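In order, the protein sequence lines correspond to chains A and B. Last residue of the first sequence: number 309 in our numbering, and the count goes up by one each step with no gaps. Last residue of the second sequence: number 326 in our numbering, and the count goes up by one each step with no gaps. We put the CB at the ideal spot given by N, CA and C, even for glycine. From a predicted model like this one, the values you see are computed outputs, not experimental measurements. Read through the structure below, which is laid out as structure tokens, and then see the notes.
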Amino acid sequence: MSFSASDAAFEGFRLVRRHPLAVVFWSLAYLVFFALLFGAFGAGLAEVMAAAKAIEDSNDFTVSSFQSLAQAYGTFVWLMIPLSLVAGGILNAAVARAVLRPADSAFGYLRLGADELRVIAVSLILSLVMTAVAMVGFGVAGGLAGLAVAIGQNALYLPVVLIGLATVAVLVWLALRLSLAVPITLAEKRFTPFASFALTKGKSLPLLGMGIIAFVMSLLVGLLVDIIGTPATLAVGDLDGLGALQGETTLSIIRQAWPVLVTWGVINAVMSALQLAVLYAPFSAAYRDIKGLPTD
Amino acid sequence: MTQGFSIGQALAAPFHLVRRQPLAVLVWGLLILLPSIASVALSFAMMGDIAVMNPDADPDVILPRMMQFQAGSMLLSLLQIAASLVIATAVIRATLNIGRREAFFFMRLSMDELRYVVVAIATFGGVYIAMIVLMLVGGTTGLALWAIGEPWNWIAAFLIALVCIAALMLALLRVSLIAPATILYRDFAFKHGWALAKGQVLKLLGLALLIALIGIVIWSAVVAVVVFGLTIGGVVNWAGLGEAFENETWTPALVDWPAVLPWAVASTLPLAFLCGFWSVLGSAPFASATRQLADGAPQPSNAQDGGPADTLDSTETAQSPGDTL
Chain A
14 MSFSASDAAF EGFRLVRRHP LAVVFWSLAY LVFFALLFGA FGAGLAEVMA AAKAIEDSND
74 FTVSSFQSLA QAYGTFVWLM IPLSLVAGGI LNAAVARAVL RPADSAFGYL RLGADELRVI
134 AVSLILSLVM TAVAMVGFGV AGGLAGLAVA IGQNALYLPV VLIGLATVAV LVWLALRLSL
194 AVPITLAEKR FTPFASFALT KGKSLPLLGM GIIAFVMSLL VGLLVDIIGT PATLAVGDLD
254 GLGALQGETT LSIIRQAWPV LVTWGVINAV MSALQLAVLY APFSAAYRDI KGLPTD
Chain B
2 MTQGFSIGQA LAAPFHLVRR QPLAVLVWGL LILLPSIASV ALSFAMMGDI AVMNPDADPD
62 VILPRMMQFQ AGSMLLSLLQ IAASLVIATA VIRATLNIGR REAFFFMRLS MDELRYVVVA
122 IATFGGVYIA MIVLMLVGGT TGLALWAIGE PWNWIAAFLI ALVCIAALML ALLRVSLIAP
182 ATILYRDFAF KHGWALAKGQ VLKLLGLALL IALIGIVIWS AVVAVVVFGL TIGGVVNWAG
242 LGEAFENETW TPALVDWPAV LPWAVASTLP LAFLCGFWSV LGSAPFASAT RQLADGAPQP
302 SNAQDGGPAD TLDSTETAQS PGDTL
């Protein structure tokens, strides 16, 4: 079966219109995710903000000033990766379920079962594959660049750029070919990370068009939510202010800065939930249309 | 395949539109101009505010004012961008449906506008990425060839720069019909817009250059008239103004507002008309070229994706009530 890229690209909006309550549940899920992240790393976040502000305010930028930010941010990222993987798996599965099994609407399609475990495992494997490809491609380009510097051969910079660009092209192509992995995993209830390859054969360009449209629309949604949230942010301040609380405990930060945290949390939870729907639902719709499954 | 388009007909499109819809052009211009006027007023208010403030004033007092100003000017910029997009689609719609009358001067908030915004951002992003790739490849190729020695390395660098600029121009011209085709076909017309521009690059280049030339001539004439009028009328003391800017002593308080205001009010409508014409000049020729090319082109195969409005008469029938956001 063929699918219409422009039609599938709007699936996120249709999903929000059909099941607005699902967006409420997803926003709440994001809020819980933010709360968990802050609970585990609240004091560290103040350090990140303080380090970022120090760099911003400093006229004398040095590598050492950047090191403190990288150190603070590094811990934050390592904690965020496993949490994001679990939260992302649950939410991606919910979006795919909303498109492919619209009748299972309890709890805004959110579950924590075998489907979610399979989606998390598939996401993990695909992330590792993409990371490996990126490391090989950029590693070769980086090695060649190092060689060019070492032997002073300018002609080597051209292959460095070409290998870098080819790696980006391969990563985009891989992402497109593997883009239906989550809907397949959920719909077919089996662990098949690479089944998407067969299904997307000859459909890379329509999928790319659909992805670009969905991505731009998710940016627009983000911008709209940002505009709507601006008065609230102006009234209570933004997260940059947390830098002033560097060195305090998480509990003390919450006590002093809860209006900022709550405002930021609510605005970003709603924005993330809407962007999730707009960005990911089209891929489930593409799977449904390619397989010729019923729309409802 | 496509039969080509007439540059003359495309260039005449903005003037036809101005003649048939002068009120619409004025309203479009006003909508573009109003956020700018508000922005200037906001800047003057802010500058006046800072000027009367004590330089040693508490930052806690100044900072909220600055933030309010920034938020206000950001909002006005977004409003202007939104107005420009709505007006661009209105101009294209009016050009495609020349002779028809439509409510709200062809302006809508519909799926057309959403698709237009998405297409505009995506094509801008695509061209930007193409520019970066060209710069990287061109730069490193130049670096690799630099060792061949003078004068050949300079010739090679010049040729590479020329090829990169030509490639970028080619890309810009090939994507120039995607936005009007999106309004015409009532669907994301990345493929159709790209296909319509195939084999028309030289004509599109000629069209773009002539539009730029017309724009420069009109702009120069307007600037000359305004400067002449302000000088003859004795409204602006250019020498004093230049000195004040150079010494950073200019503040809105130095403006002779009672003398300027009548001029400002009197010039609002002509200026708005000019702004409207500017928008028409930027979009109408490409919409006309798209119309001409599409009328001679085979129908797109995916009629279910929005139903192409390939003839003048079918454009409006493709509209459905559910299409409005």
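*Can the beta-carbon of glycine 328 of chain B be found closer than 9 Å to that of glycine 200 of chain B?*
Because residue 328 of chain B is not part of the residues shown, which for chain B are 2 to 326, the question remains open.
*If you measure from the CB of asparagine 105 of chain A, is any heavy atom of the ligand SAH nearer than 8 Å?*
In the structure on display, the ligand SAH does not appear, and there are no ligands present to speak of.
*Check each residue of the stretch 122-134 of chain B: if its Cβ is closer than 7 Å to any Cβ of chain A, include it; give the result in chain order.*
Within the stretch 122-134 of chain B, those residues whose Cβ lies closer than 7 Å to any Cβ of chain A are, in chain order, Ile122, Ala123 and Val134.
*From this set, A:Val142, A:Gly260, A:Lys214 and A:Ala286, which residue's C-alpha is nearest phenylalanine 26 of chain A's C-alpha?*
It is A:Ala286.
*If the cut is a Cβ gap below 9 Å, which residues of chain A does leucine 291 of chain B touch?*
Residue 291 of chain B is actually threonine in this sequence, not leucine. Against threonine 291 of chain B, chain A offers no close residue; the least beta-carbon distance is about 18 Å (beta-carbon pairs closer than 9 Å).
*Give the secondary structure of serine 111 of chain B by DSSP, where H, G and I count as helix, E and B as strand, and everything else as coil.*
DSSP, read as helix, strand or coil, puts serine 111 of chain B in strand.
*In chain A, which residues lie with their C-beta within 7 Å of the C-beta of methionine 68 of chain B?*
Going along chain A in sequence order, the residues near methionine 68 of chain B (Cβ under 7 Å) are Leu247.
*Just tell me which of A:Leu50, A:Gly150 and A:Leu232 has its CA closest to the CA of threonine 263 of chain A.*
Ranking A:Leu50, A:Gly150 and A:Leu232 by Cα distance to threonine 263 of chain A puts A:Leu50 first.
_alpha helix (DSSP H) segment containing tyrosine 186 of chain B, residue limits_ = From DSSP, the alpha helix (DSSP H) with tyrosine 186 of chain B extends over 179-186.
*Can you tell me whether DSSP reads aspartate 116 of chain A as helix, strand or coil?*
As written in the sequence, residue 116 of chain A is alanine, which differs from the aspartate given in the question. The three-state secondary structure of alanine 116 of chain A, taken from DSSP, is coil.
*Count the other C-beta atoms from every protein chain shown that fall within 10 angstroms of the C-beta of leucine 163 of chain B, then say buried if there are 16 or more, exposed otherwise.*
So leucine 163 of chain B ends up on the exposed side.
*Report the neighbours of methionine 230 of chain A on chain B: residues whose CB is nearer than 7 Å to its CB, in chain order.*
By Cβ distance, chain B contributes Val119.
_alpha helix (DSSP H) runs contained entirely in the stretch 143-210 of chain B, provided each spans 4 or more residues_ = Those alpha helix (DSSP H) runs which fall completely within the stretch 143-210 of chain B and span 4+ residues are 153-176, 179-186 and 191-197.
*asked:* Using 8 Å for Cβ pairs, my map puts valine 128 of chain B next to leucine 86 of chain B. What's the rounded Cβ distance?
replied: The C-beta distance from valine 128 of chain B to leucine 86 of chain B rounds to 17 Å, too long to fall under 8 Å, and the pair is not in contact.
_So for serine 40 of chain B, helix, strand or coil by DSSP?_
Serine 40 of chain B falls in the helix class under three-state DSSP.
*Quick one: what's got a C-beta closer than 8 Å to valine 146 of chain A's C-beta in the same chain, skipping five residues either side?*
If you ignore the 5 residues before and after valine 146 of chain A, its C-beta comes within less than 8 Å of the C-beta of Thr180, Val183, Leu184 and Leu187, all in its own chain and listed in chain order.
*Just curious, the alpha helix (DSSP H) that leucine 191 of chain A is in, first and last residue?*
For leucine 191 of chain A, there is no enclosing alpha helix (DSSP H), as DSSP marks it with neither H nor E.
*DSSP state of leucine 274 of chain A, grouped into three classes?*
Helix, per DSSP.
*asked:* Using a Cβ-Cβ cutoff of less than 7 Å, which residues in the same chain neighbour leucine 193 of chain A once the five nearest sequence positions on both sides are dropped?
replied: If we look at leucine 193 of chain A and ignore the five residues flanking it on each side, its Cβ neighbours are Ser209, Leu212, Thr213, Phe296, Ala299 and Tyr300.
_Here's the rule I'm using: 16 or more other beta-carbon atoms within 10 Å means buried, otherwise exposed. How should threonine 96 of chain B be labelled?_
Answer is buried; the Cβ neighbour count reaches 16.
*Between which two residues does the alpha helix (DSSP H) carrying phenylalanine 151 of chain A extend?*
In the DSSP assignment, phenylalanine 151 of chain A falls within the unbroken alpha helix (DSSP H) covering 127-164.
*At a Cβ threshold of 9 Å, is valine 173 of chain A touching chain B?*
At least one chain B Cβ lies under 9 Å of valine 173 of chain A.
*Near alanine 245 of chain A, which residues of its chain fall below 6 Å by C-beta distance, leaving aside the five closest residues on each side in sequence?*
Excluding sequence neighbours, alanine 245 of chain A sits near Thr276.
*Pull out every residue of the stretch 144-156 of chain B whose Cβ sits closer than 8 Å to any Cβ of chain A, in chain order.*
For the stretch 144-156 of chain B, the beta-carbon criterion of a distance under 8 Å to any beta-carbon of chain A is satisfied by Leu144, Ala145, Trp147 and Ala148.
*Give a yes or no on contact between the stretch 178-191 of chain B and the stretch 110-119 of chain B, applying the rule of three or more CB pairs nearer than 8 Å.*
The stretch 178-191 of chain B, when compared against the stretch 110-119 of chain B, does touch it at the 8 Å Cβ threshold.
*Note down, in chain order, every chain B residue with its Cβ under 9 Å from the Cβ of leucine 233 of chain A.*
The contacting residues are Leu115, Val118, Val119 and Ile122.
*Using DSSP with H/G/I as helix, E/B as strand and the rest coil, what is glutamine 305 of chain B?*
With a pLDDT of 39 at glutamine 305 of chain B, under the threshold of 50, the predicted position of this residue should be treated as unreliable, though the coordinate-derived value follows. Residue state for glutamine 305 of chain B is assigned as coil, using DSSP reduced to three classes.
*asked:* In whole angstroms, give me the CA-to-CA distance for glycine 155 of chain A and valine 112 of chain A.
replied: Glycine 155 of chain A and valine 112 of chain A: Cα-Cα distance of roughly 42 Å.
_Contacting positions in the stretch 70-96 of chain B - beta carbon closer than 9 Å to chain A_ = Residues Ala72, Met75, Leu76 and Leu79.
*How far does the alpha helix (DSSP H) with aspartate 395 of chain A in it reach, from first residue to last?*
Residue 395 of chain A lies beyond the residue range present for chain A, which begins at 14 and ends at 309; the question has no answer from this structure.
_Through-space distance from proline 95 of chain A to asparagine 303 of chain B, alpha-carbon basis_ = At asparagine 303 of chain B, the pLDDT of 45 sits below 50, so the modelled position is not reliable; the number obtained from the coordinates is stated separately. Cα to Cα, asparagine 303 of chain B sits roughly 43 Å from proline 95 of chain A.
*Return the CA-CA distance between alanine 67 of chain A and glutamate 24 of chain A, expressed in angstroms with no decimal places.*
The alpha-carbon atoms of alanine 67 of chain A and glutamate 24 of chain A are separated by roughly 43 Å.
*List in chain order: all unbroken beta strand (DSSP E) runs of 3+ residues lying wholly within the stretch 261-306 of chain B.*
If only complete runs of 3 or more residues are kept, the stretch 261-306 of chain B shows no beta strand (DSSP E) anywhere.
*Of the listed residues A:Glu201, A:Gln259, A:Leu220 and A:Val283, nearest to isoleucine 241 of chain A (C-alpha basis)*: Isoleucine 241 of chain A has its Cα closest to that of A:Val283, out of A:Glu201, A:Gln259, A:Leu220 and A:Val283.
_For alanine 18 of chain A, tell me which candidate among B:Ala121, B:Phe191 and B:Ala83 has the shortest Cα-Cα distance._
Comparing Cα-Cα distances from alanine 18 of chain A to each of B:Ala121, B:Phe191 and B:Ala83, the minimum goes to B:Phe191.
_Check whether the stretch 120-134 of chain A and the stretch 101-111 of chain A are in contact - that is, three or more C-beta pairs closer than 8 Å._
Put simply, the stretch 120-134 of chain A touches the stretch 101-111 of chain A. At least three CB pairs are less than 8 Å apart.
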